[in-house]
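Numbering (our numbering), first residue to last: 2 to 417. Idealized CB from N, CA, C, for every residue including glycine. Only a predicted model underlies this, so the values are computations on that prediction, with no experimental measurement involved. Just below is one structure, and these are the notes that go with it.
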C-alpha cells in the first residue's frame, strides 16, 4: 500500500493538482478503482462525463494503466475545439479497421501529429512517451493558434534553455526543445521532483485525464498569457529573460533599434591584467523573494533551500553563463573579480542543491586555481551570480546596468 501511495503522489507532483473545470455534459460515472481520495479523481470524473474517457466493462477506470498512442490521439481529437481545414483518411496502413482509425486520422488533420514522424507505421498499441506527448500537445496548439506556432520557433534557437535536468545532463533531443518548452511554459506538463522531464517515460490514464483538463483551458488562451513561456521565448530570442522577468527594459539606440543581451553573446572580452578572456552566453533572472518563494520556473533551476547566498527582497538573483579561458594558472578568486571589473558586473560564486540536480556547472565557493577549476589555456563554461536592484533608481545612472565588450559592442538596460 505504501508503494502505491508513493506512485500516486509522484503523479500528482509531475502533473499538479489542477482540476478539470469544464461543465460536465452528463453525470460522472462511478469507477470502483477511483476512490474519493484519488489525486486525479476530479479530472477523471469530468473527462469521463464529457465522453473523452470511457471505463471498462467491469466498472473500473484503470487509472494506473499506460496510455497508448492510439488512446491519446483519440483523446486529443475529442477534446480539441478546432475544426480541421481538410480531413485526412487512410493516414496509416496499420490502422485499417482499428477502433481508433477515424480519431487518429482526425488528430492528424488537427495538426497534433504528422504521418511523416511514423514512417514504419503508427503502431497504435505502443505506449506513448512523454516526449511524443509534448510534441503532440504543442503541435496541436501551434496548428490552432499562430502565437503558439511562433512560440515554438522562438524556443528553437541556439540560445534556448529548457529548465530540465536533461538539458545539461543529456537525454533530451534538441529537436524536442521547443515542444518541451511550450508544455512546461504553459503548465500542460511538468518535470519530476528530481529535475528530469523523463522524455522516454510513459503516462498513465490518470495523468492523461489531468493533462486533458489543462489542454482544454490552454487551447482557449493566448501564448503570451503564460509568464514562464514568455521568459523561455525571450531567452530563445535574446539569451536572457530580463524584460519578461523584471521591470528592466533595454535602452533604444540612436538609430531606433533596441539594445538586447544578444548583442554581447559570443563576444570575447579581455580580462584585465592579461589574465584571459570571458565570453557571455546567457543571463537568467531568478525572481525569488526567499529560498522557498521562487516566482519563475527558471529561478527553480538555481535556487532551493540550500542556496548558499542570502536572498534580499529588494534584489533579483541573476545568473550568467560564461566561458573563461585563463592565460595562466593565477586566476584566483579575487583576481577573477578584479579582472572582470565593471564591464560586465560584480560577480559572485554560489552553490545550491539544484546545481547537481540540473547538471549546472557553477563558479565554486572553493579557491578557483587550487581546486583545479581554472587551468591555463583550458576554456571553462559555468554560471556565476550577481544582483539587480528591483527598485527604480533616483536617477538613470543609479538604475542603469551595462555589459561592455568594447567601445562598439555593448548593451544597456534600466528600470524606467
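Throw me the rounded Cβ distance for the residue i and residue j pair, which I believe falls under 8 Å.
i, j, result
"residue 77", "residue 137", "6 Å"
"residue 360", "residue 169", "3 Å"
"residue 220", "residue 81", "7 Å"
"residue 233", "residue 300", "Actually they are not in contact, since the Cβ atoms of residue 233 and residue 300 sit about 13 Å apart, beyond 8 Å."
"residue 363", "residue 240", "Not really, about 18 Å apart at Cβ, beyond 8 Å."
"residue 153", "residue 139", "6 Å"
"residue 302", "residue 355", "6 Å"
"residue 286", "residue 383", "About 18 Å; that fails the 8 Å criterion."
"residue 205", "residue 365", "About 41 Å; that fails the 8 Å criterion."
"residue 74", "residue 44", "Contact flag wrong, Cβ pair sits at about 19 Å."
For residue i and residue j, I'd like the C-alpha separation in whole angstroms.
i, j, result
"residue 46", "residue 146", "29 Å"
"residue 259", "residue 340", "29 Å"
"residue 391", "residue 245", "13 Å"
"residue 51", "residue 197", "32 Å"
"residue 112", "residue 33", "36 Å"
"residue 237", "residue 143", "17 Å"
"residue 368", "residue 162", "29 Å"
"residue 105", "residue 31", "28 Å"
"residue 263", "residue 381", "20 Å"
"residue 110", "residue 171", "33 Å"
"residue 352", "residue 243", "22 Å"
"residue 297", "residue 91", "44 Å"
"residue 226", "residue 378", "46 Å"
"residue 266", "residue 282", "5 Å"
From the DSSP output, which residues share a beta bridge with residue i?
i, result
"residue 194", "For residue 194, which the question treats as bridged, DSSP gives no partner whatsoever."
"residue 384", "322 and 363"
"residue 259", "253"
"residue 287", "318"
"residue 281", "266 and 323"
"residue 58", "According to DSSP, residue 58 bridges with nothing at all."
"residue 271", "278"
"residue 161", "Residue 161 is not bridged to any residue."
"residue 244", "Its beta-bridge partners do not exist; DSSP assigns none."
Under three-state DSSP, which class holds residue i?
i, result
"residue 371", "coil"
"residue 181", "helix"
"residue 349", "strand"
"residue 390", "strand"
"residue 239", "helix"
"residue 341", "helix"
"residue 312", "coil"
"residue 45", "helix"
"residue 127", "coil"
"residue 295", "strand"
Exercise. Touching or not, the region 326-335 and the region 274-293, by the rule of three or more beta carbon pairs under 8 Å?
Worked result: yes
For this session: Pair every Cβ in the region 81-92 with every Cβ in the region 56-71, then say whether three or more of these pairs are closer than 8 Å.
Result: no
Problem set entry | Three CB pairs or more closer than 8 Å across the region 300-318 and the region 367-382 | no
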